[in-house]
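Chemist:
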Amino acid sequence: MTLSPNRTAQFAELLASCSDGISHRFGGDHALGGQRHTKVALALWLDRLGRLVPELRLSVTDMWVKGWPWSTVVFIRWTGAATFPDGTPYRQHGVHIVTLRWGEVTAIDANEDSQAVAELLTALAATGMAEAAADPITS
C-alpha cells in the first residue's frame, strides 16, 4: 500500500469507516504526534501526513483480529519506507491497534518508532517545509 498517487481515495475510504468520535493517537512530540477525537481532526491529520510524506509506502506484515462484531480489536504489524530529503532511505515499523464496534472504527492507536518520525520531520523542516515543524493537530 502506498499513500500516493491515490491517497485521497484511500483516506476517504478510511474516514468513511470511522465513527464521528474516532479516537486517534500517534506517539511523539512533533507535527504528527498527539491525539485526535473527531473525524474532522483525523482528516486534517491524514492530509498533513500525505503532504509531508507523499511517497510513504506501508506494508502489512501481520494482522490479528480478536473479539465479536460489537467489540472487535485488530492488531496490524507493518513496515514503512520513504526517503529523507538527502536521498537516504527512511525505514519505519510499528503496530496499529484498531478498535471497531459493529464494523465502524472507533479508535486507532498507532505505535511506531516515534524517534524515526521526529528525525524525518526535522530533516523536512530543515529544507524549508514549515509544516514539518508545526504544532500537532489535536482535538
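My numbering runs 82 ahead of the 1-based position in the sequence shown.
We put the CB at the ideal spot given by N, CA and C, even for glycine.
1) Residues in the same chain with beta-carbon distance under 7 Å from residue 101, minus the five sequence neighbours each way, listed in chain order, please.
2) Do residue 190 and residue 112 have their CB atoms nearer than 8 Å?
3) Along the chain, where does the beta strand (DSSP E) that runs through residue 146 open and close?
4) Is residue 84 helix, strand or coil by DSSP?
5) Classify residue 174: buried if its beta carbon has 16 or more other beta carbons within 10 angstroms, exposed otherwise.
6) Report the rounded CA-to-CA distance for residue 146 versus residue 181, giving the unit in angstroms.
7) Who are residue 153's beta bridge partners in DSSP?
Modeler: Answer, in terms of the structure:
1) Taking the first residue of the sequence shown as 1, we reach residue 101 at position 19. Within the same chain, Cβ atoms closer than 7 Å to the Cβ of residue 101 are found at 186, 187 and 188, the five residues on either side in sequence being excluded.
2) Within the sequence shown, numbered from 1, the residue matching residue 190 stands at position 108. Within the sequence shown, numbered from 1, the residue matching residue 112 stands at position 30. Contact: no.
3) Walking along the sequence shown from the start, residue 146 turns up at place 64. Element bounds for residue 146: 139-150.
4) Working through the sequence shown from its first residue, we reach residue 84 at position 2. The predicted model places residue 84 with a pLDDT of 47, which falls under 50 and marks its position as unreliable, so this point remains unresolved.
5) Here residue 174 corresponds to residue number 92 of the sequence shown, with the count starting at 1. Residue 174 should be labelled buried.
6) Reading the sequence shown from its first residue, position 64 is the one you call residue 146. Reading the sequence shown from its first residue, position 99 is the one you call residue 181. Straight-line Cα distance between these residues: approximately 12 Å.
7) Here residue 153 corresponds to residue number 71 of the sequence shown, with the count starting at 1. Its beta-bridge partners are 150.
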